[in-house]
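Using our numbering, read the sequence shown as starting at 256 and increasing by one per residue. Backbone N, C-alpha and C define an ideal beta-carbon position, used for all residues, glycine too. For clarity, every value in this text was computed on a predicted model and none was experimentally measured.
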Amino acid sequence: MKNPLTLIFFFILLLLPFANATVPFGQLGPQGSVLFLNAFHFVSGNSSEELCADHFCAILNDDFLQCTVYNTATTPSHLVGIEYIISSKLFETLDMQERQLWHSHSYEVTSGFLIEPSMPTTIDDAAMQILVGTYGKTAHTWRYDAKDLSVPIGVPELVMGYTHDSQITPDFVNARDVLFGSNTTAIMEHREKSIKPPASVIPGADSWKYG
Ligand SMILES: *[C@@H]1O[C@H](CO)[C@@H](O)[C@H](O)[C@H]1NC(C)=O
Ligand SMILES: *[C@@H]1O[C@H](CO)[C@@H](O)[C@H](O)[C@H]1NC(C)=O
Numbered sequence: 256m257k258n259p260l261t262l263i264f265f266f267i268l269l270l271l272p273f274a275n276a277t278v279p280f281g282q283l284g285p286q287g288s289v290l291f292l293n294a295f296h297f298v299s300g301n302s303s304e305e306l307c308a309d310h311f312c313a314i315l316n317d318d319f320l321q322c323t324v325y326n327t328a329t330t331p332s333h334l335v336g337i338e339y340i341i342s343s344k345l346f347e348t349l350d351m352q353e354r355q356l357w358h359s360h361s362y363e364v365t366s367g368f369l370i371e372p373s374m375p376t377t378i379d380d381a382a383m384q385i386l387v388g389t390y391g392k393t394a395h396t397w398r399y400d401a402k403d404l405s406v407p408i409g410v411p412e413l414v415m416g417y418t419h420d421s422q423i424t425p426d427f428v429n430a431r432d433v434l435f436g437s438n439t440t441a442i443m444e445h446r447e448k449s450i451k452p453p454a455s456v457i458p459g460a461d462s463w464k465y466g
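Right, dumping it as structure tokens:
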């Protein structure tokens with residue numbers, strides 16, 4: 256159990272019987288293989304294009320998660336994209352041009368934006384302490400929420416993660432909290448005490464901030 260991402264997997268396995276009792280049906284993937292995360296994305300180049308995203312993440316190896324992304328606003332939800340999550344160790348191996356396609360998870364975790372609905376705090380803390388140092392690359396294939404499109408038309412869009420308080424509409428966060436019974440402010444306050452983010456984001460990530 257030396258590697259961080261596998262550690263998350265181990266915790267999820269332990270928690271599955273409990274999680275199944277409390278998480279609504281359909282919010283956990285195939286048993287034993289999937290981590291459920293909810294977070295916000297925005298279309299790269301326009302931080303007003305806000306998206307609420309459910310991630311079902313399977314652990315591939317010590318440094319790599321692969322996630323399918325679904326919208327949250329409809330039942331049934333729609334498959335709207337994918338996200339790859341890698342460790343800082345793997346991110347450092349990428350050249351600067353490739354890094355520009357990736358976003359950091361440091362603020363997403365410390366802000367409380369990235370949540371594991373219904374996960375007990377001690378387990379959530381352990382998973383978030385790992386995720387806070389990771390990087391994500393996400394493409395959305397279907398802008399279902401924003402455009403109510405019955406067919407996923409258009410070119411897949413690169414999306415990013417928020418990096419500062421002022422970037423997202425507060426009502427958008429509130430709507431997510433109502434949906435999951437979460438309290439982003441309380442989660443943020445808790446993580447200020449319990450999660451230690453990396454000292455800095457590795458250069459090249461979150462490049463949208465620099466135009
Ligand atoms: C950014 O997205 C918002 C919300 O969808 C839209 O109203 C605005 O026109 C977009 N801005 C640009 C520059 O595309
Ligand atoms: C969320 O948590 C904050 C901080 O603990 C608290 O002030 C606020 O009342 C809570 N909101 C709700 C809707 O429970």
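Given a threshold of 16 other Cβ atoms within 10 Å of its Cβ, counted over all protein chains shown, does residue i qualify as buried or as exposed?
{"i": "Val406", "result": "exposed"}
{"i": "Gly287", "result": "Model confidence at Gly287 stands at a pLDDT of 41, short of 50, so the residue's coordinates are unreliable and nothing is read from them."}
{"i": "Pro372", "result": "buried"}
{"i": "Ile408", "result": "exposed"}
{"i": "Gln282", "result": "For Gln282, the predicted model reports a pLDDT of 38, less than 50, meaning its position is unreliable and no value from the coordinates is stated."}
{"i": "Val410", "result": "exposed"}
With distances taken from CA atoms, which of the options is nearest residue i?
{"i": "Lys464", "options": "Ser455, His419, His445 and Lys448", "result": "His419"}
{"i": "His296", "options": "Ala401, Asp317, Thr348 and Pro452", "result": "Ala401"}
{"i": "Gly336", "options": "Asn326, Ile378, Leu345 and Pro452", "result": "Asn326"}
{"i": "His310", "options": "Thr330, Asn316 and Leu334", "result": "Leu334"}
{"i": "Ala430", "options": "Gly300, Ser299, Asn301 and Glu305", "result": "Glu305"}
{"i": "Ile423", "options": "Ser366, Gly388 and Leu292", "result": "Ser366"}
{"i": "Lys448", "options": "Asp432, Thr376, Arg354 and Ser359", "result": "Thr376"}
{"i": "Cys307", "options": "Ala454, Phe368 and Ser462", "result": "Phe368"}
{"i": "Lys392", "options": "Thr440, Val298, Pro453 and Leu290", "result": "Val298"}
With residue i as the anchor, note down where its alpha helix (DSSP H) starts and where it stops.
{"i": "Ala381", "result": "Thr376 to Leu386"}
{"i": "Val440", "result": "The sequence given here has Thr at residue 440, not Val. First-last of the alpha helix (DSSP H) with Thr440: Thr439 to Ser449."}
{"i": "Val428", "result": "Pro425 to Phe435"}
Tell me which residue opens and which closes the beta strand (DSSP E) that residue i is part of.
{"i": "Val298", "result": "Val289 to Val298"}
{"i": "Lys392", "result": "Tyr390 to His395"}
{"i": "Val406", "result": "From DSSP, Val406 is part of no beta strand (DSSP E); its letter is neither H nor E."}
In chain order, which continuous runs of the alpha helix (DSSP H) of length 4 or greater are located wholly inside the stretch 315–365? Taking 4 residues as the minimum length, the alpha helix (DSSP H) runs contained wholly in the stretch 315–365 are 343–346, 351–354 and 361–365, in order along the chain.
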